[in-house]
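Asker: Sequence lines, in order, name chains A and B.
Anchor point for the first sequence: position 15 equals 15 in the working numbering, and the numbering is continuous, going up by one each time.
Anchor point for the second sequence: position 68 equals 68 in the working numbering, and the numbering is continuous, going up by one each time.
For each residue, glycine too, the CB sits at the ideal point set by N, CA and C.
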Amino acid sequence: SQQGEEDPQALSIQEGENATMNCSYKTSINNLQWYRQNSGRGLVHLILIRSNEREKHSGRLRVTLDTSKKSSSLLITASRAADTASYFCATPGRTSGTYKYIFGTGTRLKVLA
Amino acid sequence: DTAVSQTPKYLVTQMGNDKSIKCEQNLGHDTMYWYKQDSKKFLKIMFSYNNKELIINETVPNRFSPKSPDKAHLNLHINSLELGDSAVYFCASSQGLAGGYEQYFGPGTRLTVT
Chain A
1 SQQGEEDPQA LSIQEGENAT MNCSYKTSIN NLQWYRQNSG RGLVHLILIR
51 SNEREKHSGR LRVTLDTSKK SSSLLITASR AADTASYFCA TPGRTSGTYK
101 YIFGTGTRLK VLA
Chain B
1 DTAVSQTPKY LVTQMGNDKS IKCEQNLGHD TMYWYKQDSK KFLKIMFSYN
51 NKELIINETV PNRFSPKSPD KAHLNLHINS LELGDSAVYF CASSQGLAGG
101 YEQYFGPGTR LTVT
């Protein structure tokens, strides 16, 4: 089944640096979502990008989508310690004809103060 | 106001026991989900309900039985718990089932089976 794979699995940076994480998927999609999960918490939706969009911004977040390469990237600029979390991409898929989102394996980001 | 709430937050029990996890959302959403997150943080959908109707039932043992008494509630009952059931279970909701809707997650229930 289709699944997003995030890369890298783990990333450690200094506060103020930019963090980039990537997501690759296998089949055609019409949208892709990114979520953040702080330790011990539920996932929080960050941004949705549709297949007809190449780039989208939300505050310090920038998401790109390259449907020809079946990949997306999430860039966090000027990172803060509070950005320390796991980041997941979610891509739509189908099971028995029913729509669902499939989550990737996640990138664990650690921002050092 | 908590959008999606789950109880309990922690659940420690022995093998063979039966337990339930409750979920409630106050967002007025039509669709609710149960996910299981294993120790490697892999998140996998288990069930999805739309307007109280079971829509998605992934390959989950029959020991897991969801119940949706109304659109705002989705409970998960687990019979004869096994060690492999230890995980964090998340409830989520979204406005609709079709693509393009963000999902709102509960805080999770950490289940430990000993």
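Give the straight-line distance between the Cα atoms of GLN2 (chain A) and THR91 (chain A), rounded to the nearest whole angstrom.
Answerer: With a pLDDT of only 43 at GLN2 (chain A), under 50, the local geometry of the prediction cannot be trusted, and no value is derived from it.
Asker: For GLN2 (chain A), name the three-state secondary structure that DSSP assigns.
Answerer: Its pLDDT being 43, under 50, GLN2 (chain A) is placed unreliably by the model, and nothing is read from it.
Asker: Comparing C-alpha positions only, which one of A:GLU6, A:THR105, A:GLN33, A:THR20 sits nearest to LYS36 (chain B)?
Answerer: A:THR105
Asker: To which residues does DSSP link LEU32 (chain A) through a beta bridge?
Answerer: A:ILE49
Asker: Mind checking whether SER79 (chain A) and VAL44 (chain A) have CB atoms under 7 Å apart?
Answerer: Cβ atoms of SER79 (chain A) and VAL44 (chain A): not closer than 7 Å.
Asker: Could you have a look at ASP83 (chain A) and say whether DSSP puts it in helix, strand or coil?
Answerer: In the structure shown, ASP83 (chain A) sits in a helix (DSSP, three-state: H, G or I).
Asker: Tell me whether VAL88 (chain B) counts as near the ligand NAP, meaning its Cβ is closer than 6 Å to at least one heavy atom of that ligand.
Answerer: The ligand NAP is absent from the structure shown, which contains no ligands of any kind.
Asker: Hey, SER94 (chain B) and TYR101 (chain B): beta-carbon distance below 7 Å or not?
Answerer: yes
Asker: Can you list, in chain order, the residues of its chain with a C-beta nearer than 8 Å to that of GLY16 (chain B)? Leave out the 5 residues immediately preceding and following it.
Answerer: SER80, LEU81
Asker: Touching or not, the stretch 12-29 of chain B and the stretch 64-71 of chain A, by the rule of three or more beta carbon pairs under 8 Å?
Answerer: no
Asker: Only counting the same chain, and skipping five residues up and downstream in sequence, which positions put a Cβ closer than 6 Å to that of CYS23 (chain A)?
Answerer: GLY4, GLU6, SER72, CYS89, GLY104
Asker: Taking the alpha carbon of ILE56 (chain B) as the reference point, which residue from B:LEU43, B:SER39, B:ARG63, B:THR31 has its own alpha carbon closest?
Answerer: Checked all of B:LEU43, B:SER39, B:ARG63, B:THR31; the closest Cα to ILE56 (chain B) is B:THR31.
Asker: At 8 Å on the CB atoms, spell out the chain B contacts of LYS100 (chain A), in chain order.
Answerer: ILE45, SER48, ILE56
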